[in-house]
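Asker: Take a look at the following structure, please.
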Amino acid sequence: LFPLGLLLAISMVGAVILFSRRRLSPLGELKIGIDRREFIVHYQPIIELKSGACVGAEALVRWQRPDGSIMRPDLFIPLAEESGLILGITDQVIALVIREMKSILATDHNLHIAINLSASDIKSGRALTVLGKALLNSGIQPQQIWLEVTERGFMDIDTTRATIERARALGYTVVIDDFGTGYSSLSYLQEFRLDALKIDKSFIDTVGTDSVTSSVTPHIIGMAKSLKLKIVAEGIETKAQADYLLEQEVEYGQGWLYAKALTSTGFIQYYWHNKLL
Ligand code: C2E
Ligand code: CA
Ligand code: CA
Ligand code: CA
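In this text, residue positions in the sequence shown follow the UniProt record's numbering: the first is 240, and each later residue adds one.
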């Protein structure tokens, strides 16, 4: 009888472990996902528009659930940002990017990878420490790492400025992301010295249409140029959009017209076929 009782007890413990995740709150799930390192990174090629060559990629996080399904970032990043758990996700993204791209980045110093940072990452400055350690003796140059920051959630101008300045002093390329979608994009251009500006997809969508915002896009481009910022256009889906951006002498772009976000091996293959000669 004893072994049967023991067996019963073991299977009950097993069932509790197995089913406990289902009873967790979304936040609890996220914590466990971080502890179990369930995050993966896909890479969307960034193209030099005039040559059509691939010169970089944006690292885009995904959550690979235990059942194998892959969750899009917009479904968990907001919660991660609100709760501060984003710091743990950023750590994993940085570790993965360096692990997966180390050899290609070290071999080819013309290639860059852009990493997204949230307001909390900027506030804490932790990402720079983590990156610094990861890059040590890697053969990767800091200019090969682009840091995309959004104004979304920026709280404290002074801390934000301090982190941005430190990042630039360390040699990283700092990009303002989702430009034009927030309330204070313009004032951020005044407050911070940056290297590049990423035009949000919502503006690229209006190219060739007669919507009100379509008339704003050339002004954003002109402003970025007068500030000597590199420009990246995001969400290019049509040839007409690409032609317009070329005509406006926008340097870089990314979008489904060229490629969706790829796995690390998918991106490395894409890069070898499409890199600058
Ligand atoms: P984002 O930084 O604006 O990234 C661009 C998003 O647009 C990506 O969605 C990308 O897959 C999508 N996209 C690119 N080209 C096209 C196109 O031609 N058409 C369409 N329809 N979509 C396109 P994704 O990967 O779902 O990421 C969504 C957002 O999640 C990102 O927006 C970013 O704000 C956030 N995110 C992604 N990865 C990270 C990360 O590692 N850390 C942080 N903090 N946020 C991240
Ligand atoms: Ca981005
Ligand atoms: Ca963006
Ligand atoms: Ca966007």
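The C-beta atom is built at its ideal place from N, Cα and C for all residues, glycine as well.
Considering only their Cβ atoms, is the gap separating Gln487 from Ala285 smaller than 8 Å?
Answerer: The sequence given here places Ile at residue 285; Ala does not occur at that position. No; because the gap between Cβ atoms is not below 8 Å, this pair is not in contact.
Asker: Below 8 Å, how does it come out for the region 353-366 and the region 418-432: are there three or more Cβ pairs, yes or no?
Answerer: no
Asker: Note down the Cα distance separating Gly327 from Leu243, rounded to an integer number of angstroms.
Answerer: 43 Å
Asker: Helix, strand or coil for Gly447, going by three-state DSSP, please let me know.
Answerer: coil
Asker: How should Val451 be labelled, buried or exposed, when 16 other C-beta atoms within 10 angstroms of its C-beta is the threshold for buried?
Answerer: exposed
Asker: Ignore the nearest five residues each way along the sequence and tell me which others in Glu476's own chain have a CB closer than 6 Å to its CB.
Answerer: Gly494, Trp495, Leu496
Asker: Skipping 5 residues on each side, what residues in its chain have a beta carbon closer than 8 Å to that of Leu299?
Answerer: Val280, His281, Tyr282, Gln283, Pro312, Asn355, Ala500
Asker: Could you give the DSSP three-state label for Trp302: helix, strand or coil?
Answerer: Judged by DSSP in its simplified three-state form, Trp302 adopts strand.
Asker: Once the 5 residues before and after Ala334 are set aside, which same chain residues still bring their CB inside 7 Å of it?
Answerer: Closer than 7 Å at the Cβ level, and outside the excluded window around Ala334, lie Ala373.
Asker: If Ile443 sits next to Gly474, beta carbons under 8 Å apart, how far is it from one beta carbon to the other, in whole angstroms?
Answerer: 5 Å
Asker: Let me know if Ser359 comes out buried or exposed under the rule of 16 or more other beta-carbons within 10 Å of its beta-carbon.
Answerer: Burial is judged here by how many other beta carbons sit within 10 angstroms of a residue's own beta carbon; Ser359 has at least 16 and is buried.
Asker: Taking all protein chains shown into account, do 16 or more other C-beta atoms lie within 10 angstroms of the C-beta of Thr346, making it buried, or fewer, making it exposed?
Answerer: Answer is exposed; the Cβ neighbour count stays below 16.
Asker: Decide if Gly272 is buried, meaning its Cβ has at least 16 other Cβ atoms within 10 Å, or exposed.
Answerer: buried
Asker: In the DSSP assignment, find the unbroken alpha helix (DSSP H) run with Glu404 in it and report its ends.
Answerer: 396-408
Asker: Work out the CA separation of Arg365 and Tyr483 for me, nearest whole Å.
Answerer: 39 Å
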